[in-house]
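Sequences listed follow chains F and H, in order. Counting from 1 along the first sequence, just add 3 to a position and that's the residue number in this note's numbering. Counting from 1 along the second sequence, just add 2 to a position and that's the residue number in this note's numbering. We put the CB at the ideal spot given by N, CA and C, even for glycine.
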Amino acid sequence: MYDSPVPETPRVILDSPEFRRLVAGRWRVSLALTALLFILYYGYIVLIATNRQLVSRPVSGATTTGILIATGVIAGAWVLTAAYVVWANREYDPAVAELRARAEKH
Amino acid sequence: MFFGGLMQTTVGSPTLSAIVSFLVIVAFTLAVTYWAARRTRSTRDFYAAGRSISPFQNGLALAGDYMSAASFLGIAGLVALRGYDGMIYATGWLVGWPALMFLIAEPLRNLGKFTFADVVAFRLRQVPVRVAAAFGGILTLLFYVLAQMVGAGNLITLMFGLPYEWAVIIVGAVMLAYVLFGGMIATTWVQIIKAILLLFGVTLLTVLVLSRFHFSPGELYSAVAARYGQTALEPGGLVSDPVDAISLGLALMFGLLGLPHILMRFYTVPNARAARWSVLYATGFIGYFYLIIPIVGFGASALVGREIIRKVDAGGNMAAPLIAELLGGTPFLGFIAAVAFATILAVVAGLTLAGASALSHDIFTHAIRKGNATEHEQIRVARIATIVFGVVAVVLGILFKGQNVAFMVGLAFAIAASGNFPALLLSIVWARFNTAGAVSSIVAGALMAVVLIVLSPTIWVDLLHHAAPVFPLRNPAIVSMPVGFLTGIIASFVAREPEAEARFHDEKLRTYLGIGAE
Numbered sequence: 004m005y006d007s008p009v010p011e012t013p014r015v016i017l018d019s020p021e022f023r024r025l026v027a028g029r030w031r032v033s034l035a036l037t038a039l040l041f042i043l044y045y046g047y048i049v050l051i052a053t054n055r056q057l058v059s060r061p062v063s064g065a066t067t068t069g070i071l072i073a074t075g076v077i078a079g080a081w082v083l084t085a086a087y088v089v090w091a092n093r094e095y096d097p098a099v100a101e102l103r104a105r106a107e108k109h
Numbered sequence: 003m004f005f006g007g008l009m010q011t012t013v014g015s016p017t018l019s020a021i022v023s024f025l026v027i028v029a030f031t032l033a034v035t036y037w038a039a040r041r042t043r044s045t046r047d048f049y050a051a052g053r054s055i056s057p058f059q060n061g062l063a064l065a066g067d068y069m070s071a072a073s074f075l076g077i078a079g080l081v082a083l084r085g086y087d088g089m090i091y092a093t094g095w096l097v098g099w100p101a102l103m104f105l106i107a108e109p110l111r112n113l114g115k116f117t118f119a120d121v122v123a124f125r126l127r128q129v130p131v132r133v134a135a136a137f138g139g140i141l142t143l144l145f146y147v148l149a150q151m152v153g154a155g156n157l158i159t160l161m162f163g164l165p166y167e168w169a170v171i172i173v174g175a176v177m178l179a180y181v182l183f184g185g186m187i188a189t190t191w192v193q194i195i196k197a198i199l200l201l202f203g204v205t206l207l208t209v210l211v212l213s214r215f216h217f218s219p220g221e222l223y224s225a226v227a228a229r230y231g232q233t234a235l236e237p238g239g240l241v242s243d244p245v246d247a248i249s250l251g252l253a254l255m256f257g258l259l260g261l262p263h264i265l266m267r268f269y270t271v272p273n274a275r276a277a278r279w280s281v282l283y284a285t286g287f288i289g290y291f292y293l294i295i296p297i298v299g300f301g302a303s304a305l306v307g308r309e310i311i312r313k314v315d316a317g318g319n320m321a322a323p324l325i326a327e328l329l330g331g332t333p334f335l336g337f338i339a340a341v342a343f344a345t346i347l348a349v350v351a352g353l354t355l356a357g358a359s360a361l362s363h364d365i366f367t368h369a370i371r372k373g374n375a376t377e378h379e380q381i382r383v384a385r386i387a388t389i390v391f392g393v394v395a396v397v398l399g400i401l402f403k404g405q406n407v408a409f410m411v412g413l414a415f416a417i418a419a420s421g422n423f424p425a426l427l428l429s430i431v432w433a434r435f436n437t438a439g440a441v442s443s444i445v446a447g448a449l450m451a452v453v454l455i456v457l458s459p460t461i462w463v464d465l466l467h468h469a470a471p472v473f474p475l476r477n478p479a480i481v482s483m484p485v486g487f488l489t490g491i492i493a494s495f496v497a498r499e500p501e502a503e504a505r506f507h508d509e510k511l512r513t514y515l516g517i518g519a520e
């Protein structure tokens, strides 16, 4: 695809495969990460409700698996957030920059 | 106060260090307000700090806006008195932030100008949607601010011995000064200062606690188990009903995405990418906070003891100040007391600014004037709205003296999750979503949340003393949030609005590429 010498109209950008891919990709990543977040947090809640024994089991001394799991849920939530930022910086922003360059200036 | 010779505490009487810390914080934040006031000329300054806030600063401000005294004192107290249950509760408070990032942070920034109603009303008929969104927003904020004001009054009475009414009035007066004169610039910097103080104070407290246990959390947990049994480290009654626990989790997670004062903060940064980084920083700060707060709570139960904590305040809210006093003496207690006070001020200032902007930006400028109001008029109305909201907050706080308003924060989150969030998400992602859908989903979701909470054990049984609740869950989100979504979807199908549909596609350039964003 040659560099367009004339800025492309909004309609052209909107209909372009690159834009569609951008939007679809963004939601694929968002929903996947949201699903992981759900598993992490609601999985934790359901685990406590259904398997109290496991959560109460001591790991070393008085420290229970529950304490480690709760720490893991908090840390995991941040890791998921960071994963989104890494993806956005690496994949999303360059694609946005390219499409903006092609677009008609408003 | 003496406790059978076991421990003396100055909690409950104003000490020199507490008063000095308090005065220093108020003086400093008012100086910041003066500086901010001189820089506040336009609506962009008043509502959005001129969009000059950096992602790191906004991350701190978001954390400062979000971490209330209830988080700090309440969760420390919950861990102190009920052990591991407090940790379970704490995790719920963080998990909304990733959801915020994944689902709405960037589109929100791109589509809006000052408030979340900008986004919901973006391609729809302004007047009905603005009014509905302002309704949902203000309802959320009123319950939230009421809980904060009553909590503030109780806290200051408990810590400084001031009369309750005076405490509420002082909080109201100081935070009104921030917002009225300094707008979003002052509010942002007050929240940043508070966040730094809070994170620093709690970190210091954590280090001091661990230093008593050779810096081994394991040793701390053993000490707690030795004193109160291994059950202190095991889940207790908090997650007894998994459906109720999930409902609470849903409210906490998705309510965040409907809190007007949090969403407003996204407009203070230059663009969507900065908004994205803000959320990452905020999540880091808040996650760190909820990781260390349980250490403080466990330390309080092991070193101060549950009996003393309960004696000073049955709810356990004095656990953190008491352990601060034990480990750092009266000076440190004074510092922690002042930090708690700053925490309250920062949060209610943010709530008041959000309430004022719903009244002035959404109702006055858009619903009444249809977008035709000069900058000068808009700022004047914004300031009037600030006074109105602030005075209402103080009056409500005084009226509800002595009432147990802890459930109101849960209610605010439930309304936000059921009324504000569905409309916000649907307007961003669904072409068919229209004016009828937006108005009905906000109203239905919000009202359903309120009605179900009234019928729940929290009010129907505990407050109104009926034998059995009509609605079995303490948190209605698992029912009211789907109601919000379904109402919006059904109404959008029943009443077609082709212009809104067409505009959805055109505006995708702004939603995803930020072209034309403010």
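Around the Cβ of H/F217, a 10 Å sphere holds fewer than 16 other Cβ atoms; the residue is exposed. Neighbours of F/L102 across chain H, judged by C-beta separation under 7 Å: L515. H/P424 counts as buried, since at least 16 other C-beta atoms from the protein chains shown sit within 10 angstroms of its C-beta. Taken through DSSP and simplified to helix, strand or coil, H/P130 comes out as helix. Here the alpha carbons of H/V245 and H/L475 stand approximately 8 Å from one another.
Within chain H, Y86, Q232, T233, L235, E236 and P237 have C-beta atoms less than 9 Å from the C-beta of F/S59, given in sequence order.
Following the DSSP letters along the chain, one finds F/S59 inside the alpha helix (DSSP H) bounded by residues R55 to S59. From the beta-carbon of F/P13, the residues of chain H found nearer than 7 Å are D508 and L511. Just measuring C-alpha positions, the residue of H/V22, H/P272 and H/Q59 sitting nearest H/K196 is H/Q59.
The C-alpha of H/W279 lies about 15 Å from the C-alpha of F/E94.
Residue-level contact by beta carbon holds for H/F104 and chain F, with a gap shorter than 7 Å. Here DSSP, grouped into helix, strand and coil, assigns H/A169 to helix. The residue among H/Q232, H/V383, H/L64 and H/A169 with its C-alpha nearest the C-alpha of F/I70 is H/Q232. Contacts with chain F at 7 Å (Cβ-Cβ) do not include H/G260. Under the Cβ distance rule, H/G439 does not count among the residues neighbouring chain F, no pair being separated by less than 7 Å.
For H/N477, there is no enclosing alpha helix (DSSP H), as DSSP marks it with neither H nor E. Apart from sequence neighbours up to five positions away, the residues of its chain that approach H/L96 with a beta-carbon distance below 8 Å are T285, I288, G289 and Y292, ordered along the chain. If you draw a straight line from the Cα of H/E236 to the Cα of F/V58, it comes to about 7 Å. Taken in chain order, the members of the segment 69-84 of chain F whose beta-carbon sits within less than 8 Å of a beta-carbon on chain H are G69, I70, A73, T74, V76, I77, A78, A80, W81, L83 and T84. H/S15 is not a Cβ neighbour of H/G336, given a cutoff of 7 Å. Burial is judged here by how many other beta carbons sit within 10 angstroms of a residue's own beta carbon; F/V89 has fewer than 16 and is exposed. Going by beta carbons, H/A276 and H/P57 fall inside the 7 Å limit. For F/A98, no CB of chain H lies under 7 Å from its own CB, so it is not counted at the interface with that chain. Beta-bridge partners assigned by DSSP to F/S63: F/T66.
In the DSSP secondary-structure assignment, F/E11 is bridged to F/A106. Residues of chain H with a Cβ closer than 8 Å to the Cβ of F/G64 are, in chain order, G220, E221, Y223 and S224. The three-state secondary structure of H/D364, taken from DSSP, is helix.
If you look at H/A72, you'll find it isn't in any alpha helix (DSSP H); DSSP assigns it neither H nor E. Just measuring C-alpha positions, the residue of H/L32, H/D464, H/K115 and H/A418 sitting nearest H/A451 is H/A418. By the Cβ rule, the segment 402-422 of chain H counts as touching the segment 479-491 of chain H, because three or more pairs are nearer than 8 Å. For H/W432, no alpha helix (DSSP H) segment is defined, and its DSSP state is neither H nor E.
In chain order, Q59, L62, A63 and G66 place their CB closer than 8 Å to the CB of H/I194, counting only its own chain and leaving out the 5 sequence neighbours on each side.
Here the alpha carbons of H/I172 and H/L401 stand approximately 16 Å from one another. Counting only unbroken stretches of 4 or more residues, the alpha helix (DSSP H) elements lying wholly within the segment 205-242 of chain H are 219-230, in sequence order. In the structure shown, H/H467 adopts coil according to DSSP, grouped into three states. Rounded to the nearest whole angstrom, the CA to CA distance from H/L457 to H/N319 is 28 Å.
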